[in-house]
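Here our numbering is used: the first residue of the sequence shown is 1148, the next is one more, and so on.
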Amino acid sequence: NEKVREINLEEVENLEFSDLNIVIILKDSQNSRITIGLDDNEFEHISGLITKSEIRAIVLSKLSLSLDSVVWDIGGGSGSVSIECASIARKGRVFCIEKNEKSVEIIKRNVQKFCLMNLEILHGKAPQILSELPDPNSVFIGGGGDEIEDILSECFRRKPISIVCTFVDIFHLTRALNYIKEHKREYNSNVLSINIMKLKEIESYHKFDMLTSVFLLHLTKKTEGEI
1148 NEKVREINLE
1158 EVENLEFSDL
1168 NIVIILKDSQ
1178 NSRITIGLDD
1188 NEFEHISGLI
1198 TKSEIRAIVL
1208 SKLSLSLDSV
1218 VWDIGGGSGS
1228 VSIECASIAR
1238 KGRVFCIEKN
1248 EKSVEIIKRN
1258 VQKFCLMNLE
1268 ILHGKAPQIL
1278 SELPDPNSVF
1288 IGGGGDEIED
1298 ILSECFRRKP
1308 ISIVCTFVDI
1318 FHLTRALNYI
1328 KEHKREYNSN
1338 VLSINIMKLK
1348 EIESYHKFDM
1358 LTSVFLLHLT
1368 KKTEGEI
């Protein structure tokens, strides 16, 4: 005889079950909520190789993510951006690309901690590895470096609705801006200089310490009326 029962955790302790059974545990979605910009301490990371919480929150707000988005995270670092993207795009796919083998192992451990099944880690170098991936809706470039023009070229070819790049070096930002001048027919661009400072208490005094400073380039696909 087969029985199917739906019960909650409080009811389980008062019931008896046969030795042979299958249990399916479903998370209560009504009590779940998404918080962007998780604390950096939530992620294992090498010092300096993480998109800081405050910057990450801004990046996520610019990526135009939906429940079924396909996302490229180029230069995964700790995987923090990919993990938060995968938490939002729960029915989509997130591809985290990282060329450093040690960082790839860290990303794997972080992904395992958050139990994300829609996030794929790729050990390789952009733009070469991008040819294997499906067209993205959103792209985050946190590690373009000297390949920034070639990476942007591949992104423009695939036509995502939103591209977000962060730079700590104005030299690479300038290279990106010079490149998009020649390829701006389909995309609007916006550049922000973001400086994050945190209040620090020193004895009876308070001061602001610089936490991080980055340049953010945001590209959004033009509508038909704008082209």
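For every residue, glycine included, the Cβ atom is placed at its ideal position computed from N, Cα and C.
- Cβ-Cβ distances below 7 Å link Gly1271 to Ile1244 and Lys1246 in the same chain, with the five nearest sequence neighbours on each side left out; the list follows chain order.
- Ser1216 carries a coil assignment under DSSP once its states are collapsed to helix, strand and coil.
- Contact between the segment 1201 to 1212 and the segment 1283 to 1292 is present, with at least three C-beta pairs closer than 8 Å.
- Around Val1217, the same chain offers Gly1239, Arg1240, Pro1281, Pro1283 and Asn1284 as residues with beta carbons nearer than 6 Å, after the five sequence neighbours per side are excluded.
- For the beta strand (DSSP E) assignment, the uninterrupted runs of no fewer than 3 residues enclosed by the segment 1255 to 1322 are, from N- to C-terminal side, 1266 to 1270, 1285 to 1288 and 1309 to 1314.
- If you check the CB distance, Ser1300 and His1365 do not come in under 9 Å.
- Two segments are said to touch when three or more pairs of C-beta atoms, one from each, lie closer than 8 Å; by this definition the segment 1254 to 1264 does not touch the segment 1309 to 1322.
- DSSP places Ile1169 in no alpha helix (DSSP H); its state is neither H nor E.
- Of the candidates Met1344, Tyr1326, Ile1193 and Ile1343, the residue whose Cα lies closest to the Cα of Ser1336 is Tyr1326.
- Annotation for Asn1342: Ser1360 place their beta carbon closer than 6 Å to its own, counting only its chain and skipping 5 residues before and after.
- Where Glu1201 is concerned, the enclosing alpha helix (DSSP H) starts and stops at Ser1200 to Lys1209.
- A distance below 9 Å separates the beta carbons of Leu1266 and Gly1226.
- Boundaries of the beta strand (DSSP E) harbouring Ile1349: Tyr1334 to Ile1349, taken from the DSSP string.
- Cα atoms of Met1344 and Val1311: separation of roughly 22 Å, rounded to the nearest angstrom.
- Looking at the DSSP output, Lys1331 bridges to nothing.
- In this structure, the CA atom of Val1338 is about 33 Å from the CA atom of Met1264.
- Judged by their CB atoms, Ile1317 and Phe1362 are nearer to each other than the 9 Å cut-off.
- In summary, Phe1164 is exposed, with fewer than 16 beta-carbon neighbours lying within 10 Å of its beta-carbon over all protein chains present.
- Sequence-distant Cβ neighbours of Thr1313 in its own chain, meaning closer than 6 Å and more than five residues away, are Gly1289, Val1361 and Leu1363.
- Between Ser1250 and Ile1193, the alpha-carbon positions lie close to 8 Å from each other.
- Looking only at Ala1204, Asp1220 and Asp1166, the smallest Cα-Cα distance to Phe1242 is reached by Asp1220.
- The shortest C-alpha to C-alpha distance from Ala1273 to any of Gln1259, Asp1293, Cys1262 and Ile1298 is the one to Ile1298.
- The bridge partners DSSP lists for Phe1190 come to none.
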